[in-house]
Amino acid sequence: MAKEKIEQLVEGGKASAAPPLGPALGPMGVNIAEVVAAINQKTASFKGMQVPITIEIDRDTKKFEISVGTPPASALIKKEAGIPKGSGSPAVEKVADLKIEQIIKISKMKEDDLLGKTSKDRVKEIIGTCVSMGVMVEGVEAKEAIKRVNAGEFDEKIASGKTELTEEELKALEAEKAALKAKIEKRRKEYEILAKEIGNKFEKKSASVAKKAFVEAGIPEEIYKNYMPKGK
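Under the working numbering, the first residue of the sequence shown is numbered 62, with each subsequent residue one higher.
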């Protein structure tokens with residue numbers, strides 16, 4: 062039996078017969094609508110994320126099998142946190158806060174792709190990704206959360222594989238999200254005011270001199286770039 066493999070990246074639950082998937086399936090002689098429907102059914106839980114899939118097709122019988130990979134850890138973190146993107150300046154600007162259960166959930170979803178040999182190691186890998194995204198864990202910076210994992214603070218939850226939050230915990234998480242959002246917006250306004258002041262002060266200076274002042278003030282690049290001196 063001659064078998065063909067097609068590898069594609071699709072949006073969870075929203076694959077279509079449009080290019081590049083449709084043209085790739087066409088020569089295989091399979092029912093494209095049927096394949097697309099099967100893909101969408103299997104990737105429905107990854108709505109809003111890019112998901113790697115592999116379609117194995119028997120060219121003689123036209124039967125097919127679909128294997129679904131998992132999105133990057135960063136995409137899963139964004140989904141759990143409910144944010145469109147990570148922080149542009151993760152060292153100074155935090156954009157979300159996750160519970161350890163959510164980290165465990167992601168580590169289990171990515172288990173086959175992670176290097177860690179133990180559940181604890183894999184949890185730390187996911188938290189490591191949070192560091193570069195400006196995402197906190199259990200109310201502290203991700204680097205501090207790794208120290209708490211090393212200290213055994215979450216051993217019981219990691220060992221049990223607890224991934225779901227109670228109704229009370231979910232309510233508390235929503236309250237934390239609202240508080241963090243308000244804090245982020247307040248901080249951004251403060252950065253905008255300070256950036257404007259520095260921009261006015263250095264408007265006749267070179268960009269390099271102004272940039273140094275912005276950086277020393279701890280202003281994220283995505284904010285200060287709008288106040289850099291023009292034509293310098």
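We put the CB at the ideal spot given by N, CA and C, even for glycine.
Note that the coordinates shown come from a computational prediction; the quantities given were computed from them, not determined experimentally.
Item                                                                                                             : Value
Local conformation of Ser135 per DSSP, three classes                                                             : helix
Outcome for Glu154 when other beta-carbon atoms lying within 10 angstroms are tallied against a minimum of 16    : buried
Member of Val192, Ala278, Ile161 whose CA lies at the smallest distance from the CA of Leu226                    : Ile161
Runs of beta strand (DSSP E) lying entirely within the stretch 185–260, each at least 3 residues, in chain order : 196–198
Contact between the stretch 263–282 and the stretch 194–204 (3+ Cβ pairs under 8 Å)                              : no
Distance, Ala99 Cα to Ile188 Cα                                                                                  : 33 Å
Cβ neighbour criterion (16 or more within 10 Å) applied to Gln163                                                : buried
For Glu117, the first and last residue of its enclosing alpha helix (DSSP H)                                     : Counting along the chain, Glu117 falls outside any alpha helix (DSSP H), though it belongs to the beta strand (DSSP E) covering 111–119.
Contact set for Gly149: own chain, Cβ-Cβ below 7 Å, skip 5 residues either direction                             : Pro281, Glu282, Glu283
Gly73 vs Phe125 beta-carbon contact at 7 Å                                                                       : no
Beta carbon proximity, Ile280 to chain B, threshold 7 Å                                                          : No chain B is present in this structure, which holds just one protein chain.
Cα-Cα separation, Gln111 to Tyr252                                                                               : 33 Å
Under the three-state DSSP convention, the category Val97 falls into                                             : helix
Lys204 versus Pro132: straight-line alpha-carbon distance, rounded                                               : 23 Å
The beta strand (DSSP E) enclosing Ala278, as first and last residue numbers                                     : Where Ala278 is concerned, there is no enclosing beta strand (DSSP E), given that its DSSP letter is neither H nor E.
Val263, DSSP secondary structure in three states                                                                 : It should be pointed out that residue 263 corresponds to Phe in this sequence rather than to Val. If DSSP states are grouped into helix, strand and coil, Phe263 belongs with coil.
Lys166: first and last residue of the uninterrupted alpha helix (DSSP H) it sits in                              : 161–170
Whole-angstrom distance between Glu217 and Leu175, CA atom to CA atom                                            : 21 Å
Buried or exposed by the 16-neighbour rule on C-beta atoms within 10 Å, applied to Ile165                        : buried
Cα-Cα separation, Gly87 to Pro113                                                                                : 19 Å
Three-way DSSP call (helix, strand, coil) for Glu154 in this model                                               : coil
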